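Q: What follows is a single structure, and I will ask about it in a moment.
Numbering (full-length UniProt numbering), first residue to last: 1 to 615.
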């Protein structure tokens with residue numbers, strides 16, 4: 001019975017596939033033209049395909065009607081692109097197996113050009129102080145005399161002119177007249193537009209609605225202006241993004257329009273408010289800056305369970321408290337447990353500043369037991385990171401490099417047990433700085449660009465006041481191949497400087513192995529052997545080469561080679577090589593990677609799971 005069902009299913013699928021091919025190949029479209037631009041061929045073909053999709057092949061009357069519809073669709077598309085006097089003919093032939101061939105003959109004719117563009121303004125923008133701005137708008141208009149005319153460019157021109165006023169000074173600007181007269185005989189377009197700027201808008205008093213527990217001082221941390229400053233929509237957008245990125249709010253709206261704010265409050269809080277007052281003279285209106293917020297829950301409890309290719313099952317719990325003691329800070333505490341590590345921590349995070357810098361302080365108790373090295377650590381530390389929204393960063397071209405700097409300081413008390421070797425206490429104080437240079441087309445799923453991270457650190461061992469230092473450099477390059485594929489090169493170099501036999505914190509040394517290091521080897525299993533344990537080395541070298549081929553927009557396969565070692569002396573280098581294949585699934589958080597890698601040094605085959613890019 002099972003064999004019969006399988007045979008029946010295969011038969012049905014084959015019949016369906018054959019029928020699909022027959023339908024798909026029953027009609028063919030051939031476009032013949034000597035003067036049409038090549039970039040119009042695809043949209044014209046798609047337009048005709050859309051028209052013919054429902055055509056009845058056996059109905060002669062129906063075919064005649066579709067003749068007219070095909071011609072109309074081509075004429076309409078050409079008109080939108082500036083060809084107002086095209087000549088279009090359609091005839092139908094039959095090829096092999098009665099395949100219907102639609103021959104479309106097109107003479108596009110002369111493309112319409114802009115003969116005259118008249119831009120006029122009314123309202124306060126005609127004041128003498130804006131003369132230079134008006135001339136700039138006219139000079140830099142998208143359409144100019146002599147350019148080819150298209151509906152798309154004409155609409156874009158009008159939108160850009162209007163938005164240039166709406167976003168700065170003139171919140172109530174509007175187009176009061178817009179005309180496009182086409183001389184089809186001479187293929188000329190006569191265009192005119194009149195924009196009324198309305199009064200000049202100044203920013204008035206700050207009005208805030210929706211605050212409950214969050215103090216108003218948090219808002220004033222980002223919203224800085226003087227009453228009477230000119231209206232600037234970019235500033236309002238910037239303030240809104242700053243407030244939203246603090247995580248104190250799940251809804252933020254910043255505007256100077258009383259009507260819009262009123263509607264937003266009704267929707268967010270279901271309360272009615274009256275229109276906000278304004279003052280004016282003949283040329284200027286002062287409108288208040290209105291901020292409406294909806295606060296996020298003050299308490300949040302989260303838990304998760306996952307699996308790691310090295311640590312096995314991982315269980316984590318997190319508790320967040322916003323605005324404790326009426327202070328604009330976030331208190332976080334949590335616990336994490338897996339087979340090799342147990343950790344409990346408490347952090348206090350301050351809101352970021354206008355440059356995106358966020359300060360935090362915290363304490364943690366951590367125990368790990370990995371490859372014969374057991375470390376129990378109590379630590380308190382300070383960090384300054386570039387995690388927040390930055391006003392300055394938004395002014396950088398999206399294709400340009402962006403720089404970040406992160407700083408940290410840590411006081412740690414470690415109890416270290418090296419299996420079959422030693423057991424000792426190590427108090428230490430360290431400071432670190434990390435400089436990041438990003439030049440990527442996409443920070444989450446890059447296909448082109450590079451990433452450079454330079455890490456510097458220094459510290460002292462508090463039991464004998466001996467110094468140590470570290471340098472670490474990571475670099476990754478993405479190269480696009482064809483339309484979807486990408487080749488990546490990743491490298492890591494690191495060196496620790498200290499006096500001979502000085503004990504330093506293990507996390508200041510280097511170990512390698514694992515998903516984002518050298519695949520085919522256990523996580524941090526490559527290092528210096530002491531007794532029956534693997535401890536951090538003073539140097540590391542890692543290189544990785546990977547090719548990703550994407551089958552579609554979401555699914556891809558990869559092949560890779562990783563090579564490297566963590567060592568103390570160059571004469572002791574013994575490179576570990578890992579190579580294999582993998583599966584890539586694109587997600588909003590970055591590519592999800594499933595890799596099967598063979599570690600040549602120890603002749604092991606391992607599965608690695610990771611999310612996001614290697615850095």
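Idealized CB from N, CA, C, for every residue including glycine.
Since this is a predicted model, take the numbers as computed values, not measurements.
#1: Once you ignore the five residues that flank residue 561 on each side, which residues in its own chain have a CB closer than 6 Å to its CB?
#2: Can you tell me whether residue 352 is buried or exposed? The criterion is at least 16 other CB atoms within 10 Å of its CB, across all chains shown.
#3: To the nearest angstrom, how far is it from the Cα of residue 153 to the Cα of residue 113?
#4: For a quick check, are the C-beta atoms of residue 573 and residue 582 less than 9 Å apart?
#5: DSSP state of residue 281, grouped into three classes?
#6: Could you tell me the alpha carbon to alpha carbon distance between residue 576 and residue 376, rounded to whole angstroms?
#7: Taking the continuous alpha helix (DSSP H) assigned at residue 230, which residues delimit it?
#8: Taking residue 489 and residue 477 to be in contact with their CB atoms under 8 Å, please state how far apart those CB atoms are, rounded to whole angstroms.
#9: Alpha carbon to alpha carbon, how far is residue 80 from residue 41? Give it in angstroms, no decimals.
#10: What did DSSP end up calling residue 163 once you bin it into helix, strand or coil?
#11: Determine which residues share a DSSP beta bridge with residue 196 and list them.
#12: Is residue 78 helix, strand or coil when you go by DSSP?
#13: For residue 483, tell me which candidate among 552, 442, 522 and 523 has the shortest Cα-Cα distance.
#14: Following the continuous beta strand (DSSP E) through residue 136, name the residue where it begins and the one where it ends.
#15: Beta-carbon within less than 8 Å of residue 22's beta-carbon, same chain only, minus the 5 sequence neighbours each way: which residues are those?
#16: Can you check DSSP and say which residues form a bridge with residue 473?
#17: Does the beta-carbon of residue 130 have 16 or more other beta-carbons within 10 angstroms, so that it is buried, or is it exposed?
#18: Cutting at 6 Å between CB atoms, please list the residues of its own chain near residue 192, excluding the five before and the five after it.
#19: As a quick exercise: from 221, 227 and 228, pick the residue whose alpha carbon is nearest that of residue 238.
#20: Taking all protein chains shown into account, decide if residue 68 is buried (16 or more other Cβ within 10 angstroms of its Cβ) or exposed.
#21: Taking residue 416 as the reference, which of 359, 506, 380 and 429 has the closest Cα?
#22: Please go through the same chain and pick out, in chain order, the residues whose beta-carbon is closer than 7 Å to the beta-carbon of residue 250, but skip the five residues on each side of it.
#23: Are the CB atoms of residue 470 and residue 436 within a distance shorter than 9 Å?
#24: By Cβ distance below 8 Å, which residues in the same chain neighbour residue 612 in space, the five residues on each side in sequence not counted?
#25: Could you compute how far the alpha carbon of residue 411 sits from the alpha carbon of residue 472?
#26: May I ask you to list the residues that DSSP assigns as paired with residue 114?
#27: So what does residue 88 bridge to, in DSSP terms?
#28: Measuring straight from C-alpha to C-alpha, what distance separates residue 285 and residue 358?
#29: Can at least three beta-carbon pairs, one atom from the segment 301-311 and one from the segment 215-232, be found at a separation below 8 Å?
#30: Buried or exposed: which applies to residue 243, given that a residue is buried once 16 or more other Cβ atoms fall within 10 Å of its Cβ?
#31: Drop a sphere of 10 angstroms on the beta-carbon of residue 200, count the other beta-carbons inside from all chains shown, and report buried for 16 or more, exposed for fewer.
#32: From residue 602 to residue 311, what distance separates their C-alpha atoms?
#33: From what residue to what residue does the beta strand (DSSP E) around residue 546 run?
#34: So the candidates are 420, 360, 224 and 434; which of them puts its Cα closest to the Cα of residue 383?
#35: Within a Cβ cutoff of 6 Å, which residues of the same chain sit near residue 104, ignoring the five residues on either side of it in sequence?
#36: State the start and end residues of the unbroken beta strand (DSSP E) segment that holds residue 221.
A: With the structure as the only source:
#1: 545 and 579
#2: buried
#3: 12 Å
#4: no
#5: Any reading at residue 281 must be qualified, since the residue scores a pLDDT of 43, below 50, and its modelled position is unreliable; no value is offered.
#6: 29 Å
#7: Premise fails: residue 230 is in no alpha helix (DSSP H) and is neither H nor E.
#8: Going by Cβ atoms, the distance from residue 489 to residue 477 rounds to 5 Å, so yes, they are a contact pair.
#9: 14 Å
#10: helix
#11: 122 and 174
#12: It is helical.
#13: 552
#14: From DSSP, residue 136 is part of no beta strand (DSSP E) but of the alpha helix (DSSP H) over 131-139.
#15: Low confidence applies here, because residue 22 scores a pLDDT of 40, under 50, leaving its location unreliable and the question unanswered by this model.
#16: 454 and 493
#17: Buried, since its Cβ has 16 or more Cβ neighbours within 10 Å.
#18: 118 and 179
#19: 221
#20: exposed
#21: For residue 416, the closest of 359, 506, 380 and 429 by C-alpha to C-alpha distance is 506.
#22: 294 and 296
#23: no
#24: 444, 589, 590 and 591
#25: Going from the Cα of residue 411 to the Cα of residue 472 covers about 21 Å.
#26: 189
#27: 106
#28: 37 Å
#29: no
#30: buried
#31: buried
#32: 20 Å
#33: Per DSSP, residue 546 belongs to the beta strand (DSSP E) from 539-550.
#34: The residue with the shortest Cα to Cα distance from residue 383 is 360.
#35: 31 and 90
#36: In the DSSP annotation of this structure, residue 221 is not part of any beta strand (DSSP E); the continuous alpha helix (DSSP H) holding it starts and ends at 216-222.
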